[in-house]
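Numbering-wise (my numbering), the sequence shown opens with residue 1 and increments by one.
All C-beta atoms in this analysis are idealised placements derived from N, C-alpha and C, irrespective of residue type, glycine included.
Keep in mind it's a predicted model, so treat the numbers as computed, not measured.
Report on the following structure.
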Amino acid sequence: MPLPQRRRVSSGSPFETTIGFSRALRVADRVLVSGTAPVFPDGSCPDDVALQARRCFAIIETALAEAGAALRDVVRSRVFLVDPADADAVSAVHGEIYGDALPAATMVAVSALLDPRWKVEIEAEAVVPPSSLTLALVVDLAADAVAPFDTYERRVLPLLERHGGRLDRRLRTADGRAEVHVLSFADRAGYDAYLADPDRAAAGRLLDGLDVQRRLLEVDDVG
Numbered sequence: 001m002p003l004p005q006r007r008r009v010s011s012g013s014p015f016e017t018t019i020g021f022s023r024a025l026r027v028a029d030r031v032l033v034s035g036t037a038p039v040f041p042d043g044s045c046p047d048d049v050a051l052q053a054r055r056c057f058a059i060i061e062t063a064l065a066e067a068g069a070a071l072r073d074v075v076r077s078r079v080f081l082v083d084p085a086d087a088d089a090v091s092a093v094h095g096e097i098y099g100d101a102l103p104a105a106t107m108v109a110v111s112a113l114l115d116p117r118w119k120v121e122i123e124a125e126a127v128v129p130p131s132s133l134t135l136a137l138v139v140d141l142a143a144d145a146v147a148p149f150d151t152y153e154r155r156v157l158p159l160l161e162r163h164g165g166r167l168d169r170r171l172r173t174a175d176g177r178a179e180v181h182v183l184s185f186a187d188r189a190g191y192d193a194y195l196a197d198p199d200r201a202a203a204g205r206l207l208d209g210l211d212v213q214r215r216l217l218e219v220d221d222v223g
C-alpha cells in the first residue's frame, strides 16, 4: 500500500533549515504544526507573554491554512512555558483563540527555550474534516425511457443512504422527459462507493438500449 502523500509548509524560519524540520506537515487528514516560537519576520520578539502567545498562534494559524486546515480543526494543543506564573495570561489567550474548538491541551513548564527572550512556545495538531460533495444530475429522457427510468430511480435512490448520501431535491418537467436531482455525500469516497455498488449496477440494466442523456455537475451553495 503506498504511503500517504506528505505536504510540507514552511514559515521561512532559519531554524527550519539548520535543524531540519517543517513548520507544518500534512499527512492524509492530519496536520501537525511544530513547536512555534513568538518571533516576528524581522527577528524581534515582544516581552509581554500574552503578545508572545498571540504571535505563536498567528504563525500556527497561517501554517494550518496553508495545509488546508483551520484553528477550529485543532484537536491537540501543547504549550511550553518557562515561568509557571505566566500560565494565566497564556491560558486566557489560548481560550480566546480556540473558542468552541476546545482541543485536548497540555501546558507544561520547562527550564528554558531555545532563545532566552522566548517565554512561551506552542504546537498544535489538527484533523481536517472530510469535505462534503454536492452534485446536480440533469437527465433528458426519450419518451419510451420515462417509465423505465422512474423504476430505475426507485431502486437506486434508497442506496444513497448506504454510502452516506442523500437526495436533497428531485425535480421533473410536466412531460416527465427531464429530471434534475440534487445529491449530497459526506465525502467523495462515499460517492465512489455508490457508483460501485453492485445493486446500482444491476438496476442499470433497466435502461439498456434506451436513450437516456445525463449531465453530472459538481456544485456549491451560492450566497
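Are residue i and residue j close, meaning C-beta to C-beta below 7 Å?
{"i": "Ala70", "j": "Leu64", "result": "yes"}
{"i": "Arg166", "j": "Leu160", "result": "yes"}
{"i": "Val93", "j": "Ala53", "result": "yes"}
{"i": "Ala50", "j": "Ala101", "result": "no"}
{"i": "Ala145", "j": "Asp221", "result": "no"}
Roughly how many angstroms separate the alpha carbons of residue i and residue j, rounded to a whole number?
{"i": "Val138", "j": "Arg162", "result": "22 Å"}
{"i": "Phe80", "j": "Asp73", "result": "21 Å"}
{"i": "Val110", "j": "Pro38", "result": "16 Å"}
{"i": "Val82", "j": "Glu121", "result": "9 Å"}
{"i": "Asp199", "j": "Asp192", "result": "14 Å"}
{"i": "Thr36", "j": "Val108", "result": "15 Å"}
{"i": "Ala67", "j": "Cys56", "result": "17 Å"}
{"i": "Val182", "j": "Arg170", "result": "7 Å"}
{"i": "Gly176", "j": "Gly190", "result": "29 Å"}
{"i": "Pro41", "j": "Asp115", "result": "15 Å"}
{"i": "Pro14", "j": "Ala186", "result": "41 Å"}
{"i": "Met1", "j": "Leu133", "result": "Legend: pLDDT at Met1 = 43, less than 50; position of this residue unreliable, no value from coordinates given."}
Can you give me the start and stop residues for the beta strand (DSSP E) that residue i sits inside?
{"i": "Phe40", "result": "Run containing Phe40: none; DSSP gives neither H nor E here."}
{"i": "Asp140", "result": "Leu133 to Leu141"}
{"i": "Ile122", "result": "Val120 to Val127"}
Put residue i into one of helix, strand or coil per three-state DSSP.
{"i": "Leu210", "result": "coil"}
{"i": "Ala67", "result": "coil"}
{"i": "Ala28", "result": "coil"}
{"i": "Ser91", "result": "helix"}
{"i": "Asp104", "result": "In the sequence on display, residue 104 carries Ala and not Asp. Three-state DSSP puts Ala104 in a strand."}
{"i": "Val219", "result": "strand"}
{"i": "Val33", "result": "strand"}
{"i": "Val79", "result": "strand"}
{"i": "Arg8", "result": "strand"}
If you measure from the beta carbon of residue i to each beta carbon in chain B, is any gap under 7 Å?
{"i": "Asp150", "result": "Judged by its chain identifiers, the structure shown contains no chain B, having just a single protein chain."}
**Q.** 4-residue-minimum alpha helix (DSSP H) runs that sit fully inside the region 157–206, ordered along the chain
**A.** 188–196 and 198–203
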